[in-house]
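Down below is the structure, laid out as structure tokens.
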Amino acid sequence: MGFGIGLLAEIFITRLFNLNGIVILISLLLTGQGIITLVWMLYAWEDPESAQRHRSPEEYLPPRKSFTALLPARHEEEVIGDTIRAIARINYPNDLKELLVLCRLDDLGTIYEATAAINELPDHNIRLITFDDHPINKPHSLNIGLSEAGHEVVTIFDAEDQPHPDLYQIINTVMIREKADVVQSGVQLMNYRSNWYSALNVMEYFLWFKSGLRFFLKIGNVTPLGGNTVFFKKTQLLGVGGWDENCLTEDADIGIRLIAAGAKPMVIYDEQHATQEETPTSVAGFIKQRTRWNQGFLQIFLNKD
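Residue 359 in my numbering sits at position 232 of the sequence shown, with consecutive numbering throughout.
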């Protein structure tokens with residue numbers, strides 16, 4: 128009887144110590160993650176001279192680069208018209224820019240609203256491109272747009288974006304001065320009062336685009352790109368085969384593949400010129416977004432290519 132009680136006590140103590148070890152290990156991992164996060168959040172304020180270099184130029188060079196904007200949209204009838212008008216207002220010569228609106232044929236509401244907006248702007252080189260093949264996802268839409276792009280630089284906007292009117296002049300100047308092949312410009316969330324988590328989401332985006340992207344570029348000469356307001360040379364996109372249609376975070380994936388292939392990246396962030404968009408409208412949408420991101424990053428990490 129005494130032996131049995133002693134054995135049970137030994138097993139209990141052993142498991143308790145094992146549990147404590149697991150808790151300590153998890154705590155150490157989370158502490159390390161917290162330290163790394165704090166470092167990249169504060170990086171922009173550690174080197175003011177570098178921060179200035181990554182801001183928008185104060186003077187713009189004459190337009191030389193030409194731009195194709197890809198606007199993939201799915202069930203975005205409520206916002207697509209405003210976004211088309213906002214992109215059309217970008218201050219740049221009409222012969223050096225075009226906008227391709229990318230919709231599936233079954234998305235009749237978005238097609239209707241996009242067509243109405245395009246008809247209001249007959250002189251702005253805007254085309255609606257429809258398709259019905261698979262897969263049904265953003266990278267597939269982008270690859271269709273890439274095959275139709277007629278200009279040197281390809282950029283992406285999402286259906287709720289509001290880009291700054293000077294954006295193309297900024298990127299034209301940066302690409303020429305810095306000899307950059309890929310430029311990530313800033314994105315800023317705006318609706319900080321819409322949900323309990325929105326203010327934190329807004330702050331997260333601010334720190335990521337102002338500081339985080341530059342930090343990872345500095346330490347490894349590679350950084351995961353965002354899903355919009357990012358600019359590529361068309362020839363280099365074609366050279367790596369476009370976007371991976373099986374990747375959940377095709378934006379981060381394409382940036383890593385381009386830089387690995389020799390593209391020179393540049394990050395620009397200026398609060399005044401950041402593209403404005405909104406946080407997810409619900410907790411479920413927020414969780415779905417972050418789940419997809421984490422699965423996509425793991426997918427890239429496990430990709431042996």
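Ideal Cβ positions, reconstructed from N, Cα and C, are used throughout, including at glycine.
Expected contact under 8 Å - CB spacing of residue i and residue j to nearest Å
i	j	result
A227	A276	Per the sequence shown, the amino acid found at residue 227 is Leu instead of Ala. Contact holds; Cβ gap of about 7 Å.
N218	D250	With a Cβ gap of about 14 Å, N218 and D250 do not count as contacting.
F194	R231	About 24 Å separates the two Cβ atoms, so there is no contact after all.
L352	I381	7 Å
A196	F284	6 Å
V310	V301	6 Å
L188	I303	5 Å
E372	P262	6 Å
G313	A379	Not a contact, Cβ separation roughly 17 Å.
T237	E204	5 Å
E173	E287	Contact doesn't hold; Cβ gap of about 33 Å is too wide.
W167	S338	6 Å
R341	V281	The Cβ separation is near 23 Å, so there is no contact.
Q315	A401	4 Å
A215	I162	Actually they are not in contact, since the Cβ atoms of A215 and I162 sit about 45 Å apart, beyond 8 Å.
G366	N270	About 14 Å separates the two Cβ atoms, so there is no contact after all.
I414	T376	Not a contact, Cβ separation roughly 16 Å.
T81	V329	Look at the range of the chain in this structure, 128 to 432, and you will see that residue 81 is not part of it.
P392	T362	Contact flag wrong, Cβ pair sits at about 16 Å.
L327	S268	At roughly 30 Å, the Cβ-Cβ gap does not stay under 8 Å, so L327 and S268 are not in contact.
Identified DSSP bridge partners for residue i
i	result
A196	L226 and T282
T257	C230
V349	Paired residues: none, contrary to the question.
V394	Q311
Boundaries of the alpha helix (DSSP H) in which residue i is found, first to last residue
i	result
F413	V410 to L429
P266	K265 to E275
L385	E377 to A387
E287	Unbroken run through E287: none, as it is neither H nor E.
L235	L235 to E247
Opening and closing residue of the beta strand (DSSP E) in which residue i lies
i	result
Q403	T402 to E404
Distance cut-off 8 Å: residue i Cβ against heavy atoms of the ligand NAD
i	result
S268	By its list of ligands, the structure shown contains no ligand whatsoever, and the ligand NAD lies outside what it can speak to.
**OP:** Can you check the segment 154-217 for any beta strand (DSSP E) of at least 3 residues that lies completely inside it and give the ranges in chain order?
**Re:** The qualifying runs are 194-199.
Original post:
Along the chain, which unbroken stretches of the alpha helix (DSSP H) at least 4 residues long are found entirely within the segment 303-361?
Top reply: Segments of the alpha helix (DSSP H) lying fully in the segment 303-361: 325-334 and 340-347.
Original post:
Is it true that the segment 282-297 meets the segment 353-369, where meeting means three or more beta-carbon pairs spaced less than 8 Å apart?
Top reply: In this structure the segment 282-297 touches the segment 353-369; the number of beta carbon pairs closer than 8 Å is three or more.
Subject >> Cβ pair count under 8 Å reaching 3, the segment 252-272 against the segment 165-182 >> reply: No: the two stretches stay apart, fewer than three of their Cβ pairs being nearer than 8 Å.
**OP:** Answer yes if the segment 383-390 comes into contact with the segment 266-282, meaning at least three C-beta pairs across the two stretches below 8 Å, and no otherwise.
**Re:** No, because fewer than three Cβ pairs between the segment 266-282 and the segment 383-390 fall closer than 8 Å, the two stretches do not touch.
Original post:
Three or more beta-carbon pairs under 8 Å between the segment 339-351 and the segment 239-250, yes or no?
Top reply: The segment 339-351, when compared against the segment 239-250, does not touch it at the 8 Å Cβ threshold.
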